[in-house]
Amino acid sequence: AQSVTQPDIHITVSEGASLELRCNYSYGATPYLFWYVQSPGQGLQLLLKYFSGDTLVQGIKGFEAEFKRSQSSFNLRKPSVHWSDAAEYFCAVGGQYKLVFGAGTILRVKS
Amino acid sequence: NAGVTQTPKFQVLKTGQSMTLQCAQDMNHEYMSWYRQDPGMGLRLIHYSVGAGITDQGEVPNGYNVSRSTTEDFPLRLLSAAPSQTSVYFCASSPGVTGTDTQYFGPGTRLTVL
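Laid out in C-alpha cells, this is it:
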C-alpha cells in the first residue's frame, strides 16, 4: 500500500535561510510524487511534481525537490525563504485512482 | 474559469442532521474527489469519481454518500452527521482519471458537528 511520511510536524526558519522539508514514501512501483502547499484558510496548490527523468525537479516560487530512489525520499528545498512561504506543505504519492498525502509540515518563518 | 468551487464555506450541524456539500468544476475534468483534512493526519480520500455515473470509495467512506450525474458536479452527502465528521472538506478535480495527474483543489468547507 502507498504511504507517505513527513517526519517534521513543525519547522521554523529565519527569513533568508535555506529550507529543506523531508518526505519519505512507500510505493511498490515507480512513484508519482507531488508537493502541495496550503496557505492559511486556503485550498492546496501544486508546487511541483515528479514522474520520471531528471531527479531534480523545479517548481513554482523558487522551490525544488530531489527524488532519491535508494532512500525512498523526495525532499523539498528552497535556498532562501521569504516570509510569504509560511504555510503548510504536503508531500503526496499518486497511484491508481488516488493520491495519498503525508500528514504535512507547518513552516514558520521568523524575521 | 472559476476552477473548483465549493459551497458552503462554513457549516454548523447538530448530531443526526443531514446535509450536502456542493462541488463544481468548469474545467471539463473527468476525475473528481473528496478529501477530509484533520490536524496531524493530512488529507484522506473519502470518495472519488472517474466520470459521470462512476463513483468509488476511498480511504474513509463511512457516513458519506456521493453521486456524479454530470461531469461538472460532485456533491458529498452526510447522511446523519456525527461529531467525528467535524473537519475541513476539500473537493478536487484532475484531467486524468488516475491519481497521477495534478489535482486542482477547491477552497474547502469547514464543517462543525455539535
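Residue numbers (the working numbering), protein chains in the order written: chain A, 1 to 111; chain B, 1001 to 1114. Just so you know, even glycine gets a beta-carbon here, dropped at the ideal spot from N, CA and C. Note that the structure is a prediction, hence the values are computed from the model and not measured.
Check whether the Cβ atoms of residue 1043(B) and residue 1089(B) sit closer than 7 Å, and answer yes or no. The sequence position of residue 1043(B) within the second sequence is 43, counting from 1. The sequence position of residue 1089(B) within the second sequence is 89, counting from 1. It is not a contact, given that the beta carbons lie outside the stated cut-off.
Return helix, strand or coil for residue 58(A), following the three-state DSSP convention. In the first sequence, counting from the first residue as 1, residue 58(A) sits at position 58. Three-state DSSP puts residue 58(A) in a strand.
Return the residue from the list 1099(B), 1096(B), 1086(B) that minimises the CA-CA distance to residue 1037(B). As a working mapping, residue 1037(B) is identified with position 37 in the second sequence. Closest by alpha carbon: 1086(B).
Residue of 1009(B), 1005(B), 1004(B) minimising C-alpha distance to residue 1112(B): Translated into positions along the second sequence, residue 1112(B) becomes position 112. The option with the nearest alpha carbon to residue 1112(B) is 1009(B).
Delimiting residues of the beta strand (DSSP E) encompassing residue 144(A): For chain A, the structure presents residues 1 to 111; residue 144(A) sits outside this window and is missing.
Between which residues of its own chain and residue 1096(B) is the CB-CB distance below 8 Å, once the five residues before and five after are set aside? Numbered from 1 along the second sequence, position 96 holds the residue referred to as residue 1096(B). Contacts found: 1030, 1031.
Nearest to residue 96(A) by CA position, among 1075(B), 1057(B), 1070(B), is which residue? Residue mapping note: residue 96(A) aligns to position 96 of the first sequence, counting from 1. Closest by alpha carbon: 1057(B).
Where residue 52(A) sits in the DSSP three-state scheme: Within the first sequence, numbered from 1, the residue matching residue 52(A) stands at position 52. Coil.
For the beta strand (DSSP E) that residue 32(A) lies in, which residues bound it at each end? The residue labelled residue 32(A) in the question sits at position 32 within the first sequence. Note, residue 32(A): beta strand (DSSP E), 32 to 38.
What span of residues does the beta strand (DSSP E) with residue 1005(B) cover, start to end? Position 5 of the second sequence, counting from 1, holds the residue named residue 1005(B). That run of the beta strand (DSSP E) goes 1004 to 1007.
Contacts of residue 42(A) in chain B (Cβ-Cβ under 7 Å): Against the first sequence, residue 42(A) aligns to sequence position 42. Neighbours of residue 42(A) on chain B, chain order: 1107.
C-alpha gap between residue 1065(B) and residue 1015(B), whole angstroms: What you label residue 1065(B) is simply residue 65 of the second sequence in a count that begins at 1. What you label residue 1015(B) is simply residue 15 of the second sequence in a count that begins at 1. The alpha-carbon atoms of residue 1065(B) and residue 1015(B) are separated by roughly 17 Å.
Rounding to the nearest angstrom, what Cα-Cα distance links residue 1060(B) and residue 1047(B) in this structure? As a working mapping, residue 1060(B) is identified with position 60 in the second sequence. As a working mapping, residue 1047(B) is identified with position 47 in the second sequence. When rounded, the distance between both Cα atoms is 8 Å.
Taking residue 1092(B) as part of the beta strand (DSSP E), name the residues at either end of that continuous run. Locating residue 1092(B) in the second sequence gives position 92, counting from the first residue. Note, residue 1092(B): beta strand (DSSP E), 1087 to 1094.
Buried/exposed call for residue 1092(B), threshold 16 Cβ in 10 Å: Here residue 1092(B) refers to the residue found at position 92 of the second sequence. Residue 1092(B) is buried by the Cβ-count criterion.
Return no unless some Cβ of chain A is closer than 7 Å to the Cβ of residue 1078(B). Within the second sequence, residue 1078(B) is the residue found at index 78, counting from 1. It does not: the Cβ of residue 1078(B) has no partner Cβ on chain A nearer than 7 Å.
Output, in sequence order along the chain, the residues in the region 1034 to 1045 of chain B whose CB is closer than 7 Å to any CB in chain A. Under the 7 Å Cβ criterion, the region 1034 to 1045 of chain B contributes 1040, 1041, 1042, 1043, 1045.
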